[in-house]
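Below is one structure, written out as structure tokens; the observations come after it.
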Amino acid sequence: MVDDIQYLRNIGISAHIDSGKTTLTERILYYTKRIFAVHEVKGKDGVGAKMDSMDLEKERGITISSAATYCEWKGHKINIIDTPGHVDFTIEVERSLKVLDGAILVLCAVGGVQSQSITVDRQMNRHKVPRVAFINKCDRAGADPYRVVGQLRQRLNHNAILMQIPIGLEGDFSGVIDLVSMKAIYFEGPFGEDVKEGEIPSSLLDEAVSKREELLEAASMFSDELMEAILDGSVSEERIHEAVREGTISRQLTPVFMGSAYKNMGVQPVLDAVANYLPSPEEVENSALDMDEEEKEVLLSSDPNDPLVALAFKLEVTLYGQLTHLRIYQGTIGKGDDLVNTRTRKRIKVGRLVRMHADEMKDIPGARAGDIVALFGVSCFSGDTFTDGRLNWTMSSIFVPDPVISLAISPKDNRSDTNMAKALSRFIREDPTFQSRVDGESGQTIISGMGELHLEIYVERMKREFGAEVDTGIPQVAYREAISRRLEFDYTHKKQTGGAGQYGRVAGFMEPSEEGGYEFINRVKGGVIPSEFIPAVDKGFQSCLRKGLLIGFPVLGMRITVNDGRHHAVDSSERAFIQAAIGAFKQAYLRANPVILEPIMKVSVESPSEFQGNVMSSINQRRGLIMSSAEDGVFTTVEAEVPLAEMFGYATILRSMSQGKAEFTMEFSRYSKVPESIKEELKLRYKEKS
Amino acid sequence: MKDFLKVSPLKILEGSTYKELGKGNLGVLMARAGVGKTSCLINIAFDKLFRGGKLVHVSLKDAPEKVTSYYHVIFSDLVKVLNMENEYEVRTLLDKNRIILAYLKESFDLNRLRKNLTNLIKEIDFTPDTLVVDGVDFAEAGRDIFEGFKGIAKEFNLEVWFSALSHRHITEVNERGIPFPCNNLDDLFNLIIQLDSTQSGVFLKLLKEHDSEVLPDAMVRLEPNNFLAME
């Protein structure tokens, strides 16, 4: 249990893929004595880095799930959440950021601020996460940390300030100069564990003095004491740390460190920075919604003596059952305690409480406000809130984007069939952006998610973790339908064939709704449709929205107003009015000029500048709209909006056109009307299918 | 919807001889820091876009995200001022006809711009009529760069608008009445406009118009909130 919350840090390590964040985490765990040997991400030794706990991640050298781990550094307890670098897994990042109090933003000294860094940085801003930056890979050919600092300022709008300067670069990189202590720092020993201080090399003294002045000037904006000390000539290290801490926590300053995690250089000062500059849980404002007070926002206290509020931010399947990662915001949890899930109101008992260390765990008797722990054997969904029953509060819901792509899957054999069902039920609980359903007509299982890679990974996980081998269909875009004009309806449902008759008349109009959702307005007067049947009318219309009549996709943005109707004293029933509403929908829908909407993705392609023309042309060929192109050094980033339907296989095409040097990210932007020619093609395809 | 051109800051050219900057030519909007230079420049960009032209916004200081947000904020104001009902359609059309080229961290050189413009024309069939260039430091840039822009204006058959920062404490004015920092460059520019904020309001004054003599009252008064011409 963490004794003093002010020495607790909940941090994330977030960055672009391949910037070396998993290697950095591995070194952090080594220096904090949580592990006793270091491994590479794509380890030749077959062990792999500690944080990449899934086999697949180890093989691909990428981090997919946010494994949590715990370590201690100079009297501080640090919970680290490793976050994924692929934009397809942004829900993982979103969830991690929600429970973090601070982060290390890892940047590559060669690649600099890349497109994924921009996406992750935007998410961090949304969650108000203070960060320190670590420019990694200073030993690589082409390393230029000064260029990266410039990009942090210009591209990410950070008030980035150097806390160190490098001693040599590329092959000559041998340490850093600490601009606070004005000492050279070298990392000796087989794994850089011996931090040695020395005098600043004379060739770098002038530069160090000038960069320190910049640091003092920036830091003094956050401390009058430091400003006075600068004028008096009595600047102490402590004053600088205080001012930098103030600036960092208020997110008005980003202190920048540098090194090479792979070469074991520069990691310990980053740990010092986590302890010195990132906030403790009590310095961060968190809020919840009071379900008893119409979801009124309430501030959480971070006081262990207050009633418990905790958030399940990640679920993992293990050999022993479901593992639920929990962030405690206020109160305490002890083994044997009763917890209440705010969503289900179900009470559960805390059996095993563990502290996670990647895929290893240690049993603990209790945990308190601010801490990140895991529970065993608790059935819940990701994003659920737990209390001790005294409060009915829920943490504000984590933003979950709608899936934009679907894929039909079918098991290859009976064994796979059973295992696939188990896998799907697990994935749905783990990841709210992953959905699964059985298509009523074809009987096929359809999985939906945020991109091609997102679904590919789940298909592979089914095979590896659950032994379910599946065949996949062609990815399908999640189209939507919408009407584009107001149209009146007047429909009578009448059935008199044996038994009780059915009668119901529904009249009114449908029109587009700008809000994008469904709206039902009851303007029936004089009881022509009895009030007990109005919900049935609403239900009837809603049932039609699930499958539009144009191409069979859900209907968006429709307002239905019912203003007239008729009923029969004997033959009218709920069922009759549901049927009347369905009839009215069918009568009007196709005449209300329905259009097909397709998901438009915000695409960002980064490449060496010589490929700008090719990149632009490839986007243009995909019905894309180029919004901007930014030149930065030898790189160009082209931003565009492109229909998702045109993006399948783009990764391969981009690789081949750029000799593997370009990369892209995409995220959902909005729905937009498809051109007429594509509308006709989709209609034809739907007709052939049905 | 009201007509944008009725409130465009380029109404200042209505009474002039040539009425426009013209392709192959350079124009500059001068103002002191904080007066609203960027907003006014973007209104000039909107003038070109509302006339159906295609425009490239060249930024030498801000990343595309920031430039885009300037356009969006100013467009939101326009929606209200012009009582725009078909906001989505207009915005889509304007976005389609505008591309931002940003040059970060001193990445700018004229050859790079030339190459980027060629790519736009060849690869995506986007042939601009206007370049709006923000972020050139007139005090430091030197004559060569503007001569280079003049060459680009002629080569690509487009008009180029700049914004220039003037300083309160530098009062140099050449014999033709053109103040610093354009006093040694005015021969390269066909239009020079000054944005000035005084106690009686915000004014746009025409300082140079091609080879014509500028009348002393060639000015429009702008709304200080949105830098649109008062009707």
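Here the protein sequences line up with chains A and B, keeping their order.
Sequential numbering of the first sequence, starting at 1, is according to the working numbering.
Sequential numbering of the second sequence, starting at 1001, is according to the working numbering.
The beta-carbon is built from N, C-alpha and C at its ideal position, and this holds for glycine as well.
Remember, predicted model here, so these are calculated numbers, not experimental data.
For Asn79(A), the beta-bridge partners assigned by DSSP are Asn10(A) and Tyr70(A).
Going by C-alpha positions, Val1173(B) is about 23 Å away from Lys1150(B).
With a threshold of 8 Å between beta carbons, Ile1100(B) makes contact with chain A. Between Asp564(A) and the set Gly504(A), Arg591(A), Val605(A) and Lys335(A), the nearest pair of CA atoms involves Gly504(A).
Taking a contact to require three or more Cβ pairs closer than 8 Å, the region 1030 to 1050 of chain B and the region 1071 to 1088 of chain B qualify as touching. In this chain, Cys108(A) is not harboured by any alpha helix (DSSP H); it is covered by the beta strand (DSSP E) spanning Gly102 to Cys108. Rounded to the nearest whole angstrom, the C-alpha separation of Glu26(A) and Ile1170(B) is 57 Å. Comparing alpha carbon positions, the residue from Glu1175(B), Gln1194(B) and His1167(B) closest to Trp1161(B) is Gln1194(B). When secondary structure is reduced to three states using DSSP, Pro166(A) falls in the strand class. Of Ala1153(B), Gly1027(B), Glu1209(B) and Asp1186(B), the smallest CA-CA separation from Thr1118(B) is found for Ala1153(B). Exclusion of the five residues before and after Ser572(A) leaves Tyr503 and Gly504 as the residues of its chain whose Cβ lies within less than 6 Å of its Cβ. From the listed residues Met163(A), Asp538(A), Ser202(A) and Val106(A), the smallest Cα separation to Glu213(A) is found for Met163(A). For Ser1076(B), the nearest beta carbon of chain A is not closer than 8 Å to its own beta carbon. For the options Asp224(A), Gly150(A) and Ala478(A), the alpha carbon positioned closest to that of Gly633(A) is the one of Gly150(A). The Cβ atoms of Lys211(A) and Gly198(A) do not sit closer than 8 Å to each other. What Arg1091(B) touches in chain A, judged by beta-carbon distance under 7 Å, is nothing: the nearest beta carbon there is about 12 Å away.
No Cβ-Cβ contact shorter than 8 Å links Gln322(A) with Leu311(A). Spanning the alpha carbons of Ile161(A) and Pro255(A) requires a straight line of approximately 5 Å. Leaving aside the five residues that flank Gly389(A) on each side, the residues in its chain whose CB is nearer than 6 Å to its CB run, in chain order, Val340. In the assembly as shown, Leu100(A) is a buried residue. Its beta-carbon has 16 or more other beta-carbons within 10 Å. Contact check for Pro475(A) against Glu452(A) passes: the beta carbons are separated by less than 8 Å. The region 221 to 230 of chain A makes no contact with the region 135 to 152 of chain A; the number of CB pairs closer than 8 Å stays below 3. Taking a contact to require three or more Cβ pairs closer than 8 Å, the region 508 to 519 of chain A and the region 483 to 491 of chain A qualify as touching.
Between Leu597(A) and chain B, the shortest Cβ-Cβ separation is not below 8 Å. Here the region 582 to 598 of chain A lies against the region 535 to 554 of chain A, with 3 or more beta-carbon pairs under 8 Å apart. Inter-segment contact for the region 464 to 471 of chain A and the region 434 to 442 of chain A is absent: fewer than three beta-carbon pairs are separated by less than 8 Å. Using a Cβ distance threshold of 8 Å, Leu1060(B) and Phe1004(B) do not count as a contacting pair. Contacts with chain B at 8 Å (Cβ-Cβ) do not include Ala584(A). With respect to the 8 Å criterion, Ala1218(B) and Ser1016(B) are classified as neighbours on the basis of their beta carbons. Residues of chain A with a Cβ closer than 7 Å to the Cβ of Asn1157(B) do not exist; the shortest Cβ-Cβ separation is about 20 Å.
Take the alpha-carbon of Val477(A) and the one of Ile405(A): they are about 5 Å apart. In the structure shown, Lys539(A) adopts helical secondary structure according to DSSP, grouped into three states. Between the alpha carbons of Leu326(A) and Asp384(A) lies a gap of roughly 10 Å. Listed along chain B is no residue with a C-beta nearer than 8 Å to that of Gln114(A); the closest approach is about 13 Å.
DSSP, read as helix, strand or coil, puts Arg566(A) in strand. The beta carbons of Tyr329(A) and Asn264(A) sit about 36 Å from each other, so the pair does not count as a contact at 8 Å.
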